[in-house]
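The block underneath contains the structure these notes are about, expressed in structure tokens.
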Amino acid sequence: MKNKLSDLVEIEKLRLFLGNLARATGVSLCVVDDNGNFIIQPANEAPFCVAVRKDKRVKERCVYSVLHGAVDAMHYKRTVFFRCPFGLLEFVVPIIINGEYLGAVCGGEVAAKELDACVDISAPREEPIKNAAIATLYENIPTIDGKRYIEITKFISEAVNNFTEYGIMSKIMQKKENVNADERIKPALAYIEDNYSQEITLEQLAAACFISKDYMSKLFYRITKKNVTEYISDYRINKAKELLRDTNIKISGVAEKVGFSDAAYFYRVFKKSVGVTPAQYRATHRSVTI
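Going by the working numbering, the sequence shown opens with residue 14, and the numbers climb by one from there.
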């Protein structure tokens, strides 16, 4: 099964990282996935580009040139340079993990001199800009020295590769930690299954796992997304539903069997959890006849 970039890297962290990188280098940066979908919108976008892309036709041409560059970056497995419909120099850095193309970082939106020999693709030029305000924005686009531009793209390529590698290792470590944590609370879950009809304390669960009460509480919530009291209550209610469906035991007896010493309290908890009273639940779900 083919991996997705979002499976290996936390996209929100990558977005924040690229935002800082874009501001530090002075270029615009965005990310497309392996299907050409923009998963991170441009950071540090040039005012000129924002203005001209309000025209739907122009926006489509700009997007097409970016995706054309991404396809070439995927094919050649290297950074690709192209000129947009307005002659600005853009680049696409492929994101390749374990030999698999997962997307690309696209950037630029600056003028760069003395780099024609490096350009892989040149989109057909747009007509001269007639709007004075937009023409002024174009004139104010920063110009970067060709050598510095190349260094910036190398830096971005290395930074993105390092980030993705770090992100993958973080996810691997997190999965390992979660697996280990799951193992740590298994004795507590087993204890609940065996003793749900009796009073269960946090101290008993912690002792079953040979850890402190505080750590037990934090670890249990992290794994189950419920605190210990909620988990035990939900477990007991599920057991009560089974007894209401499959037996003729009186409701007060059901309450006692699943660990509720107070039948009135059981009624309240059951209705809050299930949405109906125990009697109503039995009437609509019972599988035995009296």
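We put the beta carbon where it would ideally sit given N, CA and C, even for glycine.
All figures in this text were calculated on a predicted structure; none of them were measured in a lab.
**Q.** First and last residue of the uninterrupted beta strand (DSSP E) at residue 119
**A.** Residue 119 -> beta strand (DSSP E) spans 113-125.
Q | Cβ-based neighbour list, residue 268, same chain, cut-off 6 Å, excluding 5 preceding and 5 following | A | Excluding sequence neighbours, residue 268 sits near 276 and 279.
(Q) Judging by CA-CA distance, which residue of 100, 121, 69 and 226 is the nearest neighbour of residue 55? (A) Minimum Cα distance to residue 55 is reached at 121.
Q: Determine, using beta-carbon pairs with one atom in the stretch 132-150 and one in the stretch 16-32, whether at least three such pairs fall under 8 Å.
A: Remark: fewer than three beta-carbon pairs, one from each stretch, lie closer than 8 Å, so the stretch 132-150 and the stretch 16-32 are not flagged as touching.
Q: Write down the C-beta distance between residue 172 and residue 29 rounded to the nearest angstrom, noting that I regard them as a contact closer than 8 Å.
A: Rounded, the Cβ-Cβ distance is 13 Å, inconsistent with contact.
Q) With respect to the alpha helix (DSSP H) encompassing residue 273, which residues constitute its N-terminal and C-terminal limits? A) Premise fails: residue 273 is in no alpha helix (DSSP H) and is neither H nor E.
(Q) Comparing C-alpha positions only, which one of 163, 141, 206 and 46 sits nearest to residue 40? (A) Measuring from the Cα of residue 40, the nearest candidate turns out to be 163.
Q. Which whole-angstrom value is the C-beta distance of residue 201 and residue 218, which I expect to be below 8 Å?
A. Under the criterion of beta carbons closer than 8 Å, residue 201 and residue 218 qualify as touching, at roughly 4 Å.
(Q) Considering just the uninterrupted stretch of the beta strand (DSSP E) at residue 104, what are its terminal residues? (A) The continuous beta strand (DSSP E) containing residue 104 extends over residues 102-110.
Q. Are the Cβ atoms of residue 159 and residue 125 separated by less than 8 Å?
A. A contact, by the Cβ cut-off of 8 Å.
Q.
Under DSSP, the alpha helix (DSSP H) around residue 30 begins and ends at which residues?
A. Per DSSP, residue 30 belongs to the alpha helix (DSSP H) from 24-38.
Q | Neighbour-count burial assignment, residue 92, 16 or more Cβ in a 10 Å radius | A | Its Cβ being crowded by 16 or more others within 10 Å, residue 92 is buried.
Q: Over the uninterrupted alpha helix (DSSP H) stretch that includes residue 246, give me the two end residues.
A: 241-259 is the span of the alpha helix (DSSP H), which, as asked, contains residue 246.
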